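Structure, rendered in structure tokens:
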């Protein structure tokens, strides 16, 4: 049965640098928790701490109620999936999947049955006898996943598993793996630098930057209500506007907008985030902006515009209209689409 | 604009007279040069092997084919004067049967060299692994010393005689060969290790429940199989033919192959020498084929001896 995995105040220092700084996270039973952030943010070190390949300088890792901080990796029952697949080329596909069961002295017949079942689930049931080097990248990653799942891990750790694959294959594999993890009720930690991938694959997302956990929440929450400027910028594109808030009126200096205020603390000088797709062109909008450049991107047109105070704005607008640089457009924003971030 | 379409998508430019000559003949000239060089180097080998079957070799080319007499001499099948310079045979009793092992010198050297290879494996594989996988204090020095065949055979031989004067020849030879040839093992295995992501392989295996020693022997070493095989073959052949160290250290007991070669080169009639040297050429040819079969085409080693 799936269990909770907890990180309590994990800190990891290498000589002078602090890779992970006081990170506390709870992975709920059966959920896929995404850990995203730019390279060097400490997400991989966090994963390696859960796997047991790094000993935290401070803090504790718990599987269920059991502290595992000092348990060696081979006795933690964690499944690892790497970007480079890391398949054992000296064994067949079947041999790879059965490796963990062999280490646990599971009888051959049972091993065979279990590995075949997993390979079938991953749609590579006929590749069992093949040499891993003869498989495509997508097939190799399926083998890697089957191998990690074969031991029924207490937590499955995926480190950039899709990064080496092309976009189309990535999309397909994301959907398949996502539903498989749900079906098998596996608790998983999914590390990626790709926020879109995290949003597709994960039930919740933890955003990290420079070793610090910036925000944890479900994808909608992290996207729509970023906790700070870093999250707003890292998860998609966002416009940051500073102004002052008086009750429900946001004064930007050149215009005043109606806003929904989620937290009482947000009053006076504030920073608001507004997503590019939240703006709409209207006959008599709340404020005006001057078009600088526009790029047709199919489902929308990305327009870079300048506000009256000189700040620039990124907009995703209706692709059926035309946007000529130098023209002025009048814009409105739904009060619900304006969010305020905590200033740090 | 030129109408020459052979350049495809590359921006066209006028190559000049020399450039045109080079485009027209360059490849053929290089091929011819290589062919001449290879021919120059291989001719003595072919002539020598040919001469070992000839009756006479007074001019540039041997004459009077075809005889197996010289081969019978060096292989030890002729009961004539000079038999002490043949490969010799080796006999022992199993119950009432007498087992005869032919080509004693060759057999002895191969066994001694195999002992050296075993030590090379025990020492070389862990060194190759450590310098590829870990960053530790003195890593650069270990790497350099491990791959530099730093002691010439003569020097090592003198040092051995001085330090261990009563060491039996066979044991001294095994230890000496292993010291002299370990760089070739480290290089071959290291090139295999460098081609794989050691850390991720190791971590995958350990997360699946394998202890470190088990990971090393069931995943890491088998994945470096081509390097281990190539390194073993190269160390084995080079050790079996090692002359300098052998000449310094060998005192009694069965005669090693390189001493057999030396005795023939210095004391035998020229055609018998040709036959003796041909044995070595045949071994080198055989090993080359073996190495090709293990897929280590790119691996090259310097001269032995």
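Protein chains in written order, with the numbering used here: chain A, 1 to 344; chain B, 1001 to 1305. For glycine and all other residues, C-beta sits at the position ideal for the given N, C-alpha and C. All of these numbers come straight from a predicted model, not from anything done at the bench.
Residue 229 of chain A and residue 56 of chain A have their C-alpha atoms some 29 Å from each other. Here residue 1130 of chain B is actually not in contact with residue 1186 of chain B; their C-beta atoms are around 10 Å apart, not less than 8 Å. Within chain A, the residues 84 and 86 have their CB atoms less than 7 Å from the CB of residue 1197 of chain B, given in chain order. For residue 274 of chain A, the enclosing beta strand (DSSP E) covers residues 268–274.
Looking at A:338, A:311, A:46 and A:316, the one whose alpha-carbon comes closest to that of residue 300 of chain A is A:316. The bridge partners DSSP lists for residue 67 of chain A are A:62. Under the DSSP definition of a beta bridge, residue 312 of chain A partners with A:306.
An exposed status is given to residue 1158 of chain B, since fewer than 16 other beta-carbon atoms sit within 10 Å of its beta-carbon. In summary, residue 215 of chain A is buried, with 16 or more beta-carbon neighbours lying within 10 Å of its beta-carbon over all protein chains present. Taking 7 Å as the Cβ-Cβ cut-off, the region 89–107 of chain A approaches chain B at 89, 90, 99, 100, 103 and 104, given in chain order. What residue 73 of chain A touches in chain B, judged by beta-carbon distance under 8 Å, is 1203, 1206 and 1207, going in chain order.
When C-beta distances to chain B are compared with 7 Å, the residues of the region 30–55 of chain A below that value are 51 and 53, in chain order. Residue pairing for residue 1023 of chain B: DSSP places it in no beta bridge. In the DSSP assignment, the residues bridged to residue 339 of chain A are A:273. A straight line joining the alpha-carbon of residue 1050 of chain B with that of residue 1058 of chain B spans about 14 Å. If you draw a 10 Å sphere on the C-beta of residue 296 of chain A, you find fewer than 16 other C-beta atoms in it, and that means exposed. Taking a cut-off of 8 Å on C-beta distances, the region 152–165 of chain A touches the region 75–83 of chain A, as three or more cross pairs fall below it. Sequence-distant partners of residue 1113 of chain B (beyond 5 residues in either direction) whose C-beta falls short of 7 Å from its own C-beta, in its chain, are 1177, 1236, 1239 and 1240. By the neighbour-count definition (other C-beta atoms within 10 Å, threshold 16), residue 340 of chain A is a buried residue.
In the DSSP annotation of this structure, the continuous segment of the beta strand (DSSP E) that includes residue 188 of chain A starts and ends at 188–192. Residue 1133 of chain B is bridged by DSSP to nothing; it lacks a bridge partner. Interface with chain B (8 Å Cβ-Cβ cutoff): residue 78 of chain A is included. For residue 1222 of chain B, the neighbours in chain A by C-beta distance under 7 Å run, in chain order, 90. The region 91–111 of chain A makes contact with the region 140–151 of chain A; the number of CB pairs closer than 8 Å reaches 3 or more. Inter-residue distance for residue 1017 of chain B and residue 1024 of chain B is about 11 Å (C-alpha atoms, whole angstroms).
For residue 341 of chain A, the closest Cβ of chain B is not nearer than 8 Å. DSSP lists A:244 and A:256 as the beta-bridge partner residues of residue 251 of chain A. The C-beta separation of residue 245 of chain A from residue 267 of chain A comes to about 5 Å, placing the pair in contact by the 8 Å criterion. Straight-line measurement puts the Cα of residue 314 of chain A at about 50 Å from the Cα of residue 75 of chain A. Neighbours of residue 1225 of chain B in chain A, taken as residues at a C-beta separation under 8 Å, are given in chain order as 90. Beta-bridge pairing by DSSP links residue 294 of chain A to A:303. At least 8 Å separates the CB of residue 1093 of chain B from every CB of chain A.
With fewer than 16 other Cβ atoms from the protein chains shown falling within 10 Å of its own Cβ, residue 1022 of chain B counts as exposed. For the set A:248, A:100, A:223 and A:24, the Cα lying nearest the Cα of residue 77 of chain A is the one of A:100. A straight line joining the alpha-carbon of residue 1132 of chain B with that of residue 1138 of chain B spans about 13 Å. Within the model, the alpha-carbon separation for residue 93 of chain A versus residue 141 of chain A is close to 11 Å.
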